[in-house]
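Data block below; observations after.
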Amino acid sequence: MNPPDLKYTEEHEWARADGARVTVGITTYAQDALGDVVYVDLPATGTRVESGQPFGEVESTKSVSDLYAPVSGTIVERNESLESSPELVNSDPYGEGWMVVIEVEDVSVLDGLLDAAAYERLVANA
Amino acid sequence: MPSDPQLRQSPLDDRHRALDATMTGFGGWDMPLDYGTVVAEHRAVREGCGVFDLSHLGTLRVTGPGAESTLQQALTNDVSKLVPGRAHYTLCLDGGGGITDDLLVYRLDWGFFVVPNAANASAVRAAIDACGDRAERDVADVKADLACLAIQGPDAADVVTAAGVDVSDMAYLDVGPLELASPDAEPGRSLDDGPVPGGGVLARSGYTGERGYELFCDAAVAGSLWDRVLAAGAAPAGLGARDTLRLEMGYPLHGQDISPATSPVDAPLGWAVKPGTGFTGEDAYVAAKEAGPQRRLRGLRVLGRGIPRARCTVRRDGSDVGETTSGTFSPTLRLGIALGYLDPAIQTGDRVEIDVRGKSLPAEVVRPPFVDRDPKA
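The listed protein sequences correspond, in order, to chains V and Y.
Positions 9 to 134 (the numbering used here) are the ones given, in order, by the first sequence.
Positions 3 to 379 (the numbering used here) are the ones given, in order, by the second sequence.
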């Protein structure tokens, strides 16, 4: 269920590299644990984010969770549709529910993230 | 298996597990938090019909010639004005005027049916036991044998009727016996052999703001009643939706918005307190009322995005003026709402800021309900 072409973090974000542009969202497991996503707080474009550090928040009716940057870089795009339709994070976490695009200096940093198999083991043991 | 072996299980536990509910500990019980999505369950109740398992609620049967005078002393509302067939909201105060619990008292032909919050059931029982003449009344905890289903929403009357229960001519807070034509009743068993005379209690009540019915029935027939209610079109709804629904109405939750540390003068729940009836805590209540509110429980509607939670500091012009006690996303309004105790100088219509994890959310002080719903309609 977790696309094999993506990279994953232990905090349940996914990252998809397209050259230096890395699209980021949260996993199916994360959105299911959160329940109905009702609000996503994302940084403005141009904001510098650091790998492993919180860059935003995702809120459900039940709780709030930090979003952690899988890679360091600069926010170059944010998913504006989440402002009016945060439920896209639940209905299509790997597609329409994407959150930001981070531009990285060095794409090799993605190699330090989990692959789909390793992430699935992590979730299975959660 | 319960999520915690210390928790009590509802008679409907197997139904919740079959529906793959997320279970949670609540007031000592293992109860459904949601069946997948709080927002959809909330909408079902506002737009159609939802059914909640409220079997965790305390249920006390108070009977005998001294039952009325006992409850008049134990609880704040004027129970002598309550006629058989009617129910009212009331409070149980401690000697210092703090709120031990908020609850409903139903009066039936056979006596009183008292329904406290699960977590406070034993405290309310102790408060009642301490009042009146023991020889003149009997107090029985009938929890072990009773389930409660709350069927709520604009279509609730149709659903309950289709499930085999007649609710015609019931006005808001009417109550009567629940004569269940149950297919699984044991032959030869009289309805009066059950936990309450008549077999059960049927009331038009609830805590969602919608038209709704609460059906207290013998635990043995709860499963088949639940199945009929679902078959009639009700969506199962959990405690998550119950919380967002009650908060949209501004109804306080004991343990969160009201507690032994809060007064009905501040809450403000004085409408359910009738000085002169001799209730426990009356002197302290009257003194607090004369002193005036030290703070006021108010509604807060966020202007813009962001969701307040409980225990967020509220400021005006940079100065602390209070704290939230409940906060959530309102599925109906699609914005953040909260209840909180504010400085009494703050008025409806004032602008304040709620500190949510270091971020300042602008909000307007409002008089609940946040949504235009009326359970009497």
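Ideal placement from N, C-alpha and C gives every residue a C-beta, glycine not left out.
Cβ pair count under 8 Å reaching 3, the region 356-374 of chain Y against the region 295-312 of chain Y: These segments touch.
Chain V residues whose Cβ lies nearer than 8 Å to that of residue 429(Y): Absent from the model: residue 429(Y). The displayed extent of chain Y is 3 to 379, so no value can be given.
Residue-level contact to chain V via CB, residue 54(Y), 8 Å cutoff: As a working mapping, residue 54(Y) is identified with position 52 in the second sequence. Output row for residue 54(Y): interface = no.
Burial state of residue 248(Y) (16 or more Cβ within 10 Å): Along the second sequence, one-based indexing puts residue 248(Y) at 246. It is buried - the Cβ of residue 248(Y) has at least 16 other Cβ atoms within 10 Å.
Close Cβ partners of residue 350(Y) (< 8 Å) along its chain, the five nearest in sequence each way excluded: Taking the second sequence and counting its residues from 1, the one referred to as residue 350(Y) is at position 348. Only 300, 367, 368 and 369 meet the Cβ criterion.
Whole-angstrom distance between residue 39(V) and residue 255(Y), CA atom to CA atom: For the purposes of this step, residue 255(Y) is identified with residue 253 of the second sequence, where counting begins at 1. For the purposes of this step, residue 39(V) is identified with residue 31 of the first sequence, where counting begins at 1. Residue 255(Y) and residue 39(V) have their C-alpha atoms spaced approximately 28 Å apart.
Sufficient close CB pairs (3 or more, under 8 Å) joining the region 207-222 of chain Y to the region 141-160 of chain Y: Yes, since at least three Cβ pairs between the region 207-222 of chain Y and the region 141-160 of chain Y fall closer than 8 Å, the two stretches touch.
Residue 239(Y) - DSSP class collapsed to helix/strand/coil: Residue numbering aside, residue 239(Y) sits at position 237 when the second sequence is read from its first letter. Looking at residue 239(Y) - three-state DSSP - the assignment turns out to be coil, as it is neither helix nor strand.
Beta-carbon proximity of residue 47(Y) to residue 239(Y), cut-off 8 Å: In the second sequence, the residue the question calls residue 47(Y) occupies position 45. In the second sequence, the residue the question calls residue 239(Y) occupies position 237. Result yes, Cβ atoms of residue 47(Y) and residue 239(Y) sit closer than 8 Å.
Rounded Cβ spacing between residue 122(Y) and residue 92(Y) (contact assumed at less than 8 Å): For the purposes of this step, residue 122(Y) is taken as the residue at position 120 of the second sequence. For the purposes of this step, residue 92(Y) is taken as the residue at position 90 of the second sequence. Contact flag wrong, Cβ pair sits at about 13 Å.
Span separating the alpha-carbon of residue 78(Y) from that of residue 206(Y): Residue mapping note: residue 78(Y) aligns to position 76 of the second sequence, counting from 1. Residue mapping note: residue 206(Y) aligns to position 204 of the second sequence, counting from 1. Distance between the alpha carbons of residue 78(Y) and residue 206(Y) is about 22 Å.
Amino acids of chain V, ordered along the chain, whose beta-carbon sits closer than 7 Å to that of residue 372(Y): The residue labelled residue 372(Y) in the question sits at position 370 within the second sequence. None at all; the shortest Cβ gap to chain V is about 15 Å.
Beta-carbon gap between residue 203(Y) and residue 87(Y) smaller than 8 Å: Stepping through the second sequence from its first residue, residue 203(Y) is reached at position 201. Stepping through the second sequence from its first residue, residue 87(Y) is reached at position 85. The answer is no: Cβ separation not under 8 Å.
Distance between residue 354(Y) and residue 313(Y) (C-alpha atoms, nearest Å): Along the second sequence, read from residue 1 onward, the residue named residue 313(Y) stands at position 311. Along the second sequence, read from residue 1 onward, the residue named residue 354(Y) stands at position 352. Cα to Cα, residue 313(Y) sits roughly 15 Å from residue 354(Y).
Assumed close pair residue 59(V), residue 84(V) - CB separation to whole angstroms, cut-off 8 Å: Sequence index remark: in the first sequence, residue 59(V) carries index 51 (1-based). Sequence index remark: in the first sequence, residue 84(V) carries index 76 (1-based). About 16 Å; that fails the 8 Å criterion.
Residue-chain proximity (residue 43(V), chain Y), Cβ-Cβ < 8 Å: The residue given as residue 43(V) occupies position 35 in the first sequence. True, the Cβ-Cβ gap to chain Y drops below 8 Å.
Rounded C-alpha distance that separates residue 55(V) from residue 97(V): Mapped onto the first sequence, residue 55(V) falls at position 47. Mapped onto the first sequence, residue 97(V) falls at position 89. Taking the straight line joining both Cα atoms gives about 22 Å.
Residue burial classification, residue 98(Y) (beta-carbon count within 10 angstroms, cutoff 16): Reading the second sequence from its first residue, position 96 is the one you call residue 98(Y). Label assigned to residue 98(Y): exposed.
At least 3 beta-carbon pairs within less than 8 Å: the region 158-173 of chain Y vs the region 100-116 of chain Y: no
Top-ranked residue by Cα proximity to residue 127(Y), from 179(Y), 60(Y) and 376(Y): Position 125 of the second sequence holds residue 127(Y). Selected option, being the one with the closest Cα: 60(Y).
Counterpart residues of residue 62(V) in DSSP-defined beta bridges: Here the question's residue 62(V) lines up with position 54 in the first sequence. DSSP lists 76(V) as partners of residue 62(V).
Within-8 Å CB hit, residue 115(Y) to chain V: As a first step, residue 115(Y) is located in the second sequence; it is residue number 113 there, counting from the start. Judged by the 8 Å Cβ criterion, residue 115(Y) is not in contact with chain V.
First through last residue of the beta strand (DSSP E) which encompasses residue 258(Y): Within the second sequence, residue 258(Y) is the residue found at index 256, counting from 1. From DSSP, residue 258(Y) is part of no beta strand (DSSP E); its letter is neither H nor E.
Local Cβ density within 10 Å of residue 8(Y), reported as buried at 16 or more and exposed below that: Numbered from its first residue, the second sequence carries residue 8(Y) at position 6. Exposed, by the Cβ-count rule.
Check whether residue 66(Y) and residue 111(Y) have beta carbons under 8 Å apart: Locating residue 66(Y) in the second sequence gives position 64, counting from the first residue. Locating residue 111(Y) in the second sequence gives position 109, counting from the first residue. Result no, Cβ atoms of residue 66(Y) and residue 111(Y) do not sit closer than 8 Å.
Nearest-angstrom Cα separation, counted from residue 86(V) out to residue 126(V): In the first sequence, residue 126(V) corresponds to position 118, counting from 1. In the first sequence, residue 86(V) corresponds to position 78, counting from 1. One C-alpha to the other measures close to 28 Å.
Beta-bridge pairing of residue 28(Y) - partner residues as DSSP gives them: Working through the second sequence from its first residue, we reach residue 28(Y) at position 26. Note: residue 28(Y) sits in a beta bridge opposite 31(Y).
Contact under 8 Å by Cβ, residue 155(Y) with residue 51(Y): Here residue 155(Y) is taken as the residue at index 153 of the second sequence, counted from 1. Here residue 51(Y) is taken as the residue at index 49 of the second sequence, counted from 1. Contact flag set, yes.
Nonlocal neighbours in the same chain, by C-beta distance under 8 Å from residue 325(Y), ignoring five residues either side: As a working note, residue 325(Y) is residue 323 in the second sequence. Around residue 325(Y): 313, 314, 315, 316, 342 and 343.
Alpha-carbon to alpha-carbon, residue 174(Y) and residue 280(Y): As a position in the second sequence, residue 280(Y) is number 278, starting the count at 1. As a position in the second sequence, residue 174(Y) is number 172, starting the count at 1. Residue 280(Y) and residue 174(Y): Cα-Cα distance of roughly 27 Å.
Candidates 225(Y), 69(Y) and 251(Y), of which the one nearest residue 333(Y) by Cα: As a working mapping, residue 333(Y) is identified with position 331 in the second sequence. That would be 251(Y), whose Cα lies nearest to the Cα of residue 333(Y).
C-beta neighbour in chain V for residue 210(Y), strict 8 Å: As a first step, residue 210(Y) must be located in the second sequence, where it is residue number 208. For residue 210(Y), the answer is no, since every Cβ of chain V falls outside 8 Å of its Cβ.
Proximity winner among 277(Y), 287(Y) and 282(Y), relative to residue 269(Y) (alpha-carbon distances): Counting from 1 along the second sequence, the entry for residue 269(Y) is found at position 267. Among 277(Y), 287(Y) and 282(Y), the Cα nearest to that of residue 269(Y) belongs to 287(Y).
Cβ-Cβ separation, residue 58(Y) to residue 29(Y) (assumed contact under 8 Å), whole Å: Within the second sequence, the letter at position 27 stands for residue 29(Y). Within the second sequence, the letter at position 56 stands for residue 58(Y). Confirmed, about 5 Å.
Distance, residue 215(Y) Cα to residue 232(Y) Cα: On the second sequence, residue 232(Y) is found 230 positions in, with the first residue counted as 1. On the second sequence, residue 215(Y) is found 213 positions in, with the first residue counted as 1. For the pair residue 232(Y) and residue 215(Y), the Cα-to-Cα distance works out to about 15 Å.
Residue 45(Y) - containing alpha helix (DSSP H), residue span: Looking up residue 45(Y) in the second sequence gives position 43. Counting along the chain, the alpha helix (DSSP H) containing residue 45(Y) begins and ends at 40-49.
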